[in-house]
Amino acid sequence: MITLESVSKFIISDFHIHIPQGECVGLIGVSGAGKTTLLKLMSGLLAPKHGYIRTIGRNPVREKGTYGRDMGIFLTGKSNLENQDTAREALEMLCHVYRIPKEEFHRSYEALSERFAFREYEEKRIKDLSLGQRMRVELAAVLMLKPKLLLLDEPDIGLDENGKAAFWKILEEERRKGMTIVVSSHNPVEISRHCSRIALIDEGKLLFYGTEKRLRSKYASMDIMQLKLDGKIPDLEDLPLKKYEAEQDMLRLFYDANLVSAAEIIGLILKQTQVKEIQVIKPNLTDMIMQLKGVKEDELNRGK
Amino acid sequence: MRLAPYIAYLKKSFLRKSAYRFDHLMSILSTCLRIFIFWEIYRTLYGTRQEVDGITMAMVTTNFILSMGLDVVFGMDDNFIPGKIHDGSIATELLRPMSIKGRMIAENMGSSVFKLIFHFIPALLIAQIMIGILPPASPMMFMCFLISALLGYGVMWSISFALQMLSFWVITTWSITTLKNVVINIFSGTMLPLWFMPEWMDRILRFLPFSSIYFTPVQIYLGQLSGAEILEKCCIQIIWILIIYCVGDILWKCGQRKLVVQGG
Chain D
1 MITLESVSKF IISDFHIHIP QGECVGLIGV SGAGKTTLLK LMSGLLAPKH
51 GYIRTIGRNP VREKGTYGRD MGIFLTGKSN LENQDTAREA LEMLCHVYRI
101 PKEEFHRSYE ALSERFAFRE YEEKRIKDLS LGQRMRVELA AVLMLKPKLL
151 LLDEPDIGLD ENGKAAFWKI LEEERRKGMT IVVSSHNPVE ISRHCSRIAL
201 IDEGKLLFYG TEKRLRSKYA SMDIMQLKLD GKIPDLEDLP LKKYEAEQDM
251 LRLFYDANLV SAAEIIGLIL KQTQVKEIQV IKPNLTDMIM QLKGVKEDEL
301 NRGK
Chain R
305 MRLAPYIAYL KKSFLRKSAY RFDHLMSILS TCLRIFIFWE IYRTLYGTRQ
355 EVDGITMAMV TTNFILSMGL DVVFGMDDNF IPGKIHDGSI ATELLRPMSI
405 KGRMIAENMG SSVFKLIFHF IPALLIAQIM IGILPPASPM MFMCFLISAL
455 LGYGVMWSIS FALQMLSFWV ITTWSITTLK NVVINIFSGT MLPLWFMPEW
505 MDRILRFLPF SSIYFTPVQI YLGQLSGAEI LEKCCIQIIW ILIIYCVGDI
555 LWKCGQRKLV VQGG
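For the record, the sequence lines run as chains D and R. FYI, in my numbering the residues of the first sequence are 1 to 304. FYI, in my numbering the residues of the second sequence are 305 to 568.
Rendered as C-alpha cells:
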C-alpha cells in the first residue's frame, strides 16, 4: 500500500518502510522525531528530497488530488471542517466534495454520529465545540470516506476515554474489512495495544518496525528483579547479569530473560542468603523504547 | 469534472451571505450614501452647465451608479487563498478531489449572485427613484452590456486570483489588496469617469486592464461604442482575463511547488 525507499526529507534520512494492505501501523516517537513529516510524505503533501515513494501504487506528489476517496487524512491543526459550519453541514459538504452518494452518507452519518456521540451537538458550529468534541467530528469526517488508506496524525489528542474507545474500535473493524491505517501518537501504550505493527522512529530513523511481540522478545528481554534481603549480599559473579544495584537490604538485578531465567537467579541467591520479598518487573513499552534507543546508539557508536 | 461539488459551494456561499442581515442592510445604506455623495459633488461641479467635454451630468451619474453597483457585485473575497495558507488548511485542501480555483470561483459567484439580487438591484432602484439614471441605449446594447459586465467580472476575478497567489511568499496580503482596491477605484473610472482623464493618462490606461472592468460595460450601456468597437473592447477584456489568469496560474504552480518542498 505504501512503500518508501531511501527517502530523505527534513529530519527523515534514508528511510525505508513498506506497509502492506490491511495493516494498522502505529508510528511512535517523541516530538520532532519525524512522524508528521512521514505522514506528509506518504500523502504527497511533501516531496522527498531523495528517494522513492509509492502510495497506493502512485507517486503521491505528482498525482495529488487524484486519490479521491481512496485516501483519508487527518493532520493535527489542519482541519477538514469549516469553522462556520455545524457538524452536520461540515460533513454534508465533504460528502459533496468526495461525491459520496446521498443514501450512503445518511447511513454512515447515522452510524458515526451515534458511535462518536456527537448527535447532541450536531447543530452547533464547529468553532463553538470543545477540542474533544471537535476531534470526534474530525474523525467521523475521515472515517466517513471509507478510504482504502487512512493517515492519522495524533488523532487521540483531546479525546476522552469514551471517544478513544469508540475510535480504536472503529479502526479495528475497518482494518478487518481491509483498510490500511497509519496512525501516529505520543502514547506508545495505546498504540501498541491497537496496532498490528509498530514503527519506532527516532530523529528521522526507523529504529524498529514489526509487531509488539517481536519488539518485546527482541529488545525488551531485560527484566528487573527486586529483592528484599535478610542477610548478607550474595555473590552473583557467575550470573550473566546486565547490572545490579544494592541499597541497604534492597537488591535490584537487571538481566536478560533470554540468557538467564528468574528461577536460576533465585536458586543461586537462596543458597547464599535469606530473602524476605521478591518482585519481578517486566518493562513497559515506554521503558523499552528508551532502552532500544540506547542499544541502537551503542551499535552506531561501535560502528564508528 | 462534475459540477455538483462546485454548485454546493456556490449555494453555501450564497446562503452564508444571507445569514448576516444587519450587515447586509448597512452595506446597502452605505452604497446609497456613496452614490448621493458623488451625485452632490458632480452637481456642484457641473453647476448650471449642461455638459462638460460633451459629457452630460446624466451620463456621469449613470456611470458612477452603474460602476458602484457593479463594484458591489464584483467584490471578491481577497482572503480566500491567503487565509488557507495562513492556517495551513491549503495543504489538505489540495488533496481533495476538486479544484481549489474552481471552488474559489464558485464561492465568489455565490456571494456575487446574492449581492446582485439583494444589494445591487435595491440600491439601483433607490438611486433610480431619488436621482434617476439613463435607460440603456437599446435592448441590444443592454444585452451587450450584460456580456461585457460578465467579462469585467472575469477581469476582476483574475486580478484578485493573481494577487492572492502572492500570499505563498508574503505573510500578509492585506496591504496589497488594499492598494489594489484603491488603484481599481481610481483607474477603472468609478470615482472619476475616464472621459475626464487627461490625454497622457488616457494613453497609459489604454495599456492597463482597469478600464475593462466597469468602464467598458458602462460605455456599451450608454451606447457610446459602435458594433465594431464593442467587439474590440470585449476582445480586449478576454485578452486581459487570459493574461492575468496565466500569470496567476504560474504563481499558483510555483506556490504549490514551494509548498511540497518547504512544507506548509
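All C-beta atoms, glycine included, are put in the ideal place defined by N, C-alpha and C.
Helix, strand or coil: how does DSSP classify residue i here?
i: Ser-492 of chain R; result: coil
i: Tyr-109 of chain D; result: helix
i: Ile-547 of chain R; result: helix
i: Gln-523 of chain R; result: helix
i: Ser-261 of chain D; result: coil
i: Thr-86 of chain D; result: strand
i: Gly-303 of chain D; result: Any answer about Gly-303 of chain D is weak, because its pLDDT of 48 lies below 50 and its placement is not dependable; what the coordinates show is given next. Looking at Gly-303 of chain D - three-state DSSP - the assignment turns out to be helix.
i: Gly-567 of chain R; result: coil
i: Leu-285 of chain D; result: helix
i: Ala-532 of chain R; result: helix
i: Met-179 of chain D; result: coil
i: Met-42 of chain D; result: helix
i: Ser-192 of chain D; result: helix
i: Thr-273 of chain D; result: coil
i: Lys-557 of chain R; result: helix
i: Ala-199 of chain D; result: strand
i: His-186 of chain D; result: coil
i: Asp-156 of chain D; result: coil
i: Lys-146 of chain D; result: coil
i: Ile-28 of chain D; result: strand
i: Arg-54 of chain D; result: strand
i: Val-356 of chain R; result: strand
i: Ile-542 of chain R; result: helix
i: Val-280 of chain D; result: strand
i: Leu-171 of chain D; result: helix
i: Gly-552 of chain R; result: helix
i: Lys-124 of chain D; result: coil
i: Lys-102 of chain D; result: helix
i: Leu-512 of chain R; result: coil
i: Lys-164 of chain D; result: helix
i: Leu-438 of chain R; result: coil
i: Leu-81 of chain D; result: coil
i: Leu-236 of chain D; result: coil
On the DSSP letters alone, give me the boundaries of the alpha helix (DSSP H) that residue i sits inside.
i: Phe-446 of chain R; result: 443-469
i: His-16 of chain D; result: Careful: His-16 of chain D lies outside any alpha helix (DSSP H), inside the beta strand (DSSP E) at 12-19.
i: Gly-132 of chain D; result: 131-143
i: Leu-509 of chain R; result: 503-509
i: Phe-318 of chain R; result: 308-323
i: Phe-74 of chain D; result: Phe-74 of chain D -> not in any alpha helix (DSSP H); beta strand (DSSP E) instead, spanning 71-74.
i: Asp-375 of chain R; result: 361-377
i: Pro-386 of chain R; result: 384-391
i: Leu-432 of chain R; result: The residue you asked about is not Leu; residue 432 of chain R is Gln in the sequence shown. Where Gln-432 of chain R is concerned, the enclosing alpha helix (DSSP H) stretches over 425-434.
Could you say which of the options lies nearest to residue i if we only look at CA atoms?
i: His-423 of chain R; options: R:Gly-527, R:Phe-326, R:Ile-554 and R:Arg-561; result: R:Phe-326
i: Phe-208 of chain D; options: D:Gln-21, D:Leu-81, D:Ile-2 and D:Val-25; result: D:Val-25
i: Glu-180 of chain D; options: D:Glu-5, D:Ile-201 and D:Lys-146; result: Per the sequence shown, residue 180 of chain D should be read as Thr rather than Glu. Per the Cα distances, D:Lys-146.
i: Val-7 of chain D; options: D:Leu-27, D:Asn-258, D:Ile-53 and D:Gln-226; result: D:Ile-53
i: Leu-367 of chain D; options: D:Asn-162, D:Asp-160, D:Ala-141 and D:Glu-161; result: Because chain D is modelled from 1 through 304, residue 367 of chain D falls outside the range shown and cannot be assessed.
i: Val-487 of chain R; options: R:Ile-542, R:Gly-436, R:Ile-540 and R:Ser-464; result: R:Ser-464
i: Arg-216 of chain D; options: D:Lys-228, D:Phe-116, D:Leu-38 and D:Asn-258; result: D:Asn-258
i: Ile-480 of chain R; options: R:Pro-386, R:Thr-396, R:Gln-566 and R:Glu-411; result: R:Pro-386
i: Lys-127 of chain D; options: D:Lys-148, D:Leu-91, D:Asn-162 and D:Ala-87; result: D:Ala-87
i: Leu-38 of chain D; options: D:Gln-21, D:Lys-64, D:Ile-17 and D:Asn-80; result: D:Ile-17
i: Ile-332 of chain R; options: R:Ala-308, R:Ile-389 and R:Ala-431; result: R:Ala-431
i: Gly-456 of chain R; options: R:Leu-555, R:Phe-342, R:Val-522 and R:Arg-320; result: R:Val-522
i: Glu-237 of chain D; options: D:Pro-155, D:Leu-253, D:Gly-51 and D:Arg-119; result: D:Leu-253
i: Leu-149 of chain D; options: D:Ile-19, D:Val-260 and D:Lys-228; result: D:Ile-19
i: Pro-401 of chain R; options: D:Thr-66, D:Ser-184 and D:Tyr-244; result: D:Thr-66
i: Val-280 of chain D; options: D:Leu-227, D:Pro-240 and D:His-106; result: D:Leu-227
i: Ser-184 of chain D; options: D:Val-30, D:Arg-58, D:Phe-118 and D:Met-144; result: D:Val-30
How would you write the range of the beta strand (DSSP E) that residue i sits in, first residue to last?
i: Ile-403 of chain R; result: The identity of residue 403 of chain R in the sequence shown is Ser, whereas the question assumes Ile. Premise fails: Ser-403 of chain R is in no beta strand (DSSP E) and is neither H nor E.
i: Gly-205 of chain D; result: A small correction: the amino acid at residue 205 of chain D is Lys; Gly does not occupy that position in the sequence shown. Note, Lys-205 of chain D: beta strand (DSSP E), 205-210.
i: Gln-226 of chain D; result: 222-230
i: Asp-256 of chain D; result: 250-256
i: Ala-246 of chain D; result: 241-247
i: Leu-4 of chain D; result: 2-9
Is there contact between the stretch 161-173 of chain D and the stretch 132-139 of chain D, where contact requires at least three CB pairs shorter than 8 Å?
-> yes
Contact the stretch 455-463 of chain R vs the stretch 375-383 of chain R: 3+ CB pairs below 8 Å = Segments in contact, yes.
Could you tell me whether the stretch 174-191 of chain D touches the stretch 275-288 of chain D, using the rule of 3 or more Cβ pairs below 8 Å?
-> The answer is yes - the stretch 275-288 of chain D touches the stretch 174-191 of chain D, with three or more Cβ pairs under 8 Å.
Please determine if the stretch 514-528 of chain R and the stretch 436-449 of chain R are in contact, where contact requires at least 3 C-beta pairs separated by less than 8 Å.
-> yes
Taking one C-beta from the stretch 397-414 of chain R and one from the stretch 498-506 of chain R each time, how about it: are there three or more such pairs within less than 8 Å?
-> As far as the Cβ criterion goes, the stretch 397-414 of chain R does not touch the stretch 498-506 of chain R, which means the pair count is below three.
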